[in-house]
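Quick notes on the structure that follows.
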Amino acid sequence: MHTTTTTAQHQHPCSNPVASRFRKSMGMTALVLFGLAYMVPLAVFTTYGLVTQMTKGHLPIAYVLTLAAMLLTAYSYGRMVQAHPYSGSVYTYTRKAFGSHFGFIAGWTLLLDYIFLPLLSYLLIGIYMSEYFPAIHAWVWVAGSIALVTFLNLIGIESITRVNWILVVAQLVFIVVFVALSIRQLDDQAAPVSLLAPFHHDGFSVPLIMTGAAVLCLSFLGFDAVSTMAEETTDPTRRIPQAIMAVSLIGGLLFLVVSYFAQMVFPDWASFADPDSASVDVMRRVGGEMLVTAFTATYVAGCFASAMVSQASVSRVLFAMGRDGALPRVFGRLVSKKRVPATAIMLVSVLSLIALFITLDTVANMISFGALFAFSAVNLAVLKHYLIDQKLRGMRNYLWYGAIPALGFLSTIWLWTSLSSMSFTIGLCWMGVGLLCLLGLTKAFTVKLPDLQMAE
1 MHTTTTTAQH
11 QHPCSNPVAS
21 RFRKSMGMTA
31 LVLFGLAYMV
41 PLAVFTTYGL
51 VTQMTKGHLP
61 IAYVLTLAAM
71 LLTAYSYGRM
81 VQAHPYSGSV
91 YTYTRKAFGS
101 HFGFIAGWTL
111 LLDYIFLPLL
121 SYLLIGIYMS
131 EYFPAIHAWV
141 WVAGSIALVT
151 FLNLIGIESI
161 TRVNWILVVA
171 QLVFIVVFVA
181 LSIRQLDDQA
191 APVSLLAPFH
201 HDGFSVPLIM
211 TGAAVLCLSF
221 LGFDAVSTMA
231 EETTDPTRRI
241 PQAIMAVSLI
251 GGLLFLVVSY
261 FAQMVFPDWA
271 SFADPDSASV
281 DVMRRVGGEM
291 LVTAFTATYV
301 AGCFASAMVS
311 QASVSRVLFA
321 MGRDGALPRV
331 FGRLVSKKRV
341 PATAIMLVSV
351 LSLIALFITL
361 DTVANMISFG
371 ALFAFSAVNL
381 AVLKHYLIDQ
391 KLRGMRNYLW
401 YGAIPALGFL
411 STIWLWTSLS
421 SMSFTIGLCW
431 MGVGLLCLLG
441 LTKAFTVKLP
451 DLQMAE
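In full-length UniProt numbering, the protein residues as written are 1 to 456.
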């Protein structure tokens, strides 16, 4: 594959002293753990009942379609990381490709996804823990989780990596146990079981499956967050693209396997008492109350891991925007020996307190709009950077930098068509606020910067 990344492009964009730069402590394993923790391997059960009923029992095939669409965009992220290995992710890519104004709007809209994803985790922690400990109000669990996550982020990314090891491995162990118990139960059944039933049976409908696949994109949010660690990774132009694809594939395959066995052991999807708690019905059938308890504990641990890494990701985007002057420059400063963006971290923790008052449905709608806008922008940035700016020609370049990102863009547009009216209302209002900020605060907070290609 032809790459056009130059040595200058690999240089750090900031001309500040070395003390203001991130420590390069992230290796390949840490990056993959970071992405998986963000995605939450057990996230398949967040929308399990809803999408199972929506697709009439064809959840696994819906995951196949979503995975294919996400891999296209994951590829585009990898190409842009090779061109611009900086912490700002979508903000940096679109700023370089389309200019500072569009970059600001893209970064601002990305914040809608990144800022509110921790809220989703905190809300789920509060919901599950308050059900098991009804004497303790949900807000206590939410506030306690916010405090602990903020502390771990302030003491450095290394501490998050160590905790991620434990929490991600716990989820993987649970998945292995769940699959093993499911296989045993299927073996004990007297009636023969069709191994292809979760993929095709009565009620198969392509439009319904495509609608379900669009909803499932929420499960894949996280592979893109790996790109925010570019300045904390050794050899980012090689490792970040590999980690993004690895996280997408591993996460997608885990979702596919778990959803497959869940539908094999509980094929009567229409009998769910409540789609929101369908995962509990599945766990109870597979392993009784003991597995339900283990699932709840592991799922809450996964939500905590996701909150940790999502706060780390959004603080890096705020840092990049503050460093460039697109936001107040106080966000673009690193403090302590660990070199963490403390101001950005504290802002995210304060905003996370909204989880005490907001609903799960509203948060989910906010996240979906921001994520799909970011995905679309990245795919377009690849086309602009390589084919227009770099003027690459030839069939091979047209394939790698034209056809694949174009398909990625079209797939995200298709996913957009399934968003609810609430998603568009919230998302467009958020973008409107961003435009007002851009128009009213440009002179106060932005300066004309060089081409982000300064020497180390």
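Quick reminder that beta carbons are idealized off the backbone N, C-alpha and C, glycines included.
Using beta-carbon positions only, say whether residue i and residue j come within less than 9 Å of one another.
| i | j | result |
| --- | --- | --- |
| LEU218 | PHE255 | no |
| GLN53 | PRO275 | yes |
| VAL193 | VAL258 | no |
| GLY302 | VAL168 | yes |
| LEU419 | ALA214 | yes |
| PRO118 | VAL317 | no |
| ARG339 | PHE331 | no |
| ILE426 | LEU124 | no |
| LEU152 | MET308 | yes |
| LEU181 | ILE345 | no |
| ILE115 | LEU221 | no |
| VAL44 | ALA355 | no |
| THR94 | ALA403 | no |
| PHE98 | ALA374 | no |
| ARG79 | TYR386 | yes |
| SER89 | ASP235 | no |
| ILE294 | PHE174 | For the record, residue 294 in the displayed sequence is Ala; it is not Ile. In contact: ALA294 and PHE174 (Cβ atoms closer than 9 Å). |
| LEU65 | PHE304 | no |
| LEU392 | PHE22 | no |
Using alpha carbons as the reference points, say which of the options lies closest to residue i.
| i | options | result |
| --- | --- | --- |
| ALA342 | LEU111, ILE166, GLN311 | GLN311 |
| LEU253 | LEU42, ILE413, PHE104 | LEU42 |
| residue 509 | GLY370, GLU231, VAL340 | Because residue 509 is not part of the residues shown, which for the chain are 1 to 456, the question remains open. |
| ILE157 | GLU231, PHE178, GLY126, LEU112 | GLU231 |
| LEU110 | PHE34, LEU372, GLN185 | LEU372 |
| SER87 | LYS24, ILE160, PHE220, LEU380 | LYS24 |
| ALA278 | PHE34, VAL51, GLY144 | VAL51 |
| LEU435 | ALA301, ALA106, ILE115, PHE304 | ALA106 |
| ASP268 | THR55, VAL90, LEU120, PHE174 | THR55 |
| ASN379 | LEU347, LEU410, GLY35, ASN164 | LEU410 |
| LEU59 | ASP188, GLY212, TYR398, THR234 | GLY212 |
| ASN365 | MET321, LEU392, MET422 | MET422 |
| TYR260 | MET321, VAL300, LEU195 | LEU195 |
| MET229 | ILE183, LEU148, ALA320 | ALA320 |
| ILE160 | ARG396, ALA262, PHE34 | PHE34 |
| MET431 | HIS101, THR46, SER130, THR29 | HIS101 |
| SER271 | ARG21, GLY57, LEU31, ALA30 | GLY57 |
| HIS201 | GLN263, PHE22, LEU67 | GLN263 |
| TRP108 | THR417, LEU360, LEU327, ARG162 | LEU327 |
| TYR128 | TYR299, ALA381, ARG393 | TYR299 |
| VAL226 | VAL149, ALA30, ILE183 | ALA30 |
| LEU208 | GLU289, PRO134, TYR401, TYR63 | TYR63 |
| ILE61 | THR233, VAL363, VAL206 | VAL206 |
| GLY27 | GLY203, THR233, TYR91 | THR233 |
| VAL32 | ARG162, ALA273, GLY144 | ARG162 |
By Cβ distance below 7 Å, which residues in the same chain neighbour residue i in space, the five residues on each side in sequence not counted?
| i | result |
| --- | --- |
| ILE146 | TYR122, SER349, SER352, LEU353 |
| ARG285 | VAL265, PHE266 |
| SER306 | ALA37, TYR38, VAL40, SER121 |
| GLN185 | VAL265, VAL286 |
| LEU407 | LEU72 |
In chain order, what residues of the same chain lie with their CB nearer than 6 Å to the CB of residue i, ignoring the 5 residues before and after it?
| i | result |
| --- | --- |
| LYS96 | HIS84 |
| LEU438 | PHE104 |
| TYR48 | ALA278, SER279 |
| PRO17 | At PRO17 the pLDDT is 47, less than 50, meaning the model places this residue with poor confidence and gives no usable figure here. |
| SER130 | ALA138 |
| THR412 | LEU372, PHE375, SER376 |
| THR150 | SER349 |
In its own chain, which residues sit with a C-beta less than 8 Å from the C-beta of residue i, not counting the 5 before and 5 after it?
| i | result |
| --- | --- |
| VAL292 | VAL280, MET283, ARG284 |
| TRP414 | ALA69, MET210, ALA214 |
| PRO450 | For PRO450, the predicted model reports a pLDDT of 42, less than 50, meaning its position is unreliable; a value from the coordinates is still stated below. If we look at PRO450 and ignore the five residues flanking it on each side, it has no Cβ neighbours. |
| LEU71 | MET245, SER248, LEU249, GLY252 |
| LEU360 | LEU120, LEU123, LEU124, ILE127 |
| PHE204 | LYS56, HIS58 |
| residue 474 | Because the chain here runs from 1 to 456, residue 474 falls outside it and cannot be looked at. |
With 9 Å as the threshold, decide whether the Cβ of residue i is near any Cβ in chain B.
| i | result |
| --- | --- |
| VAL226 | The chain labelled as chain B is not found in the depicted structure, where only one protein chain is given. |
Is there contact here, the region 243–253 with the region 66–77, by at least three beta-carbon pairs under 8 Å? yes
With a floor of 4 residues, list each alpha helix (DSSP H) that falls wholly inside the region 362–403, ordered by position along the chain. 395–398
Any chance you could list the alpha helix (DSSP H) runs of at least 4 consecutive residues sitting entirely within the region 266–344, in chain order? 278–324
Where in the region 97–171 do unbroken runs of the alpha helix (DSSP H), each at least 4 residues long, occur, reported from the N-terminal end onward? 100–132, 138–154
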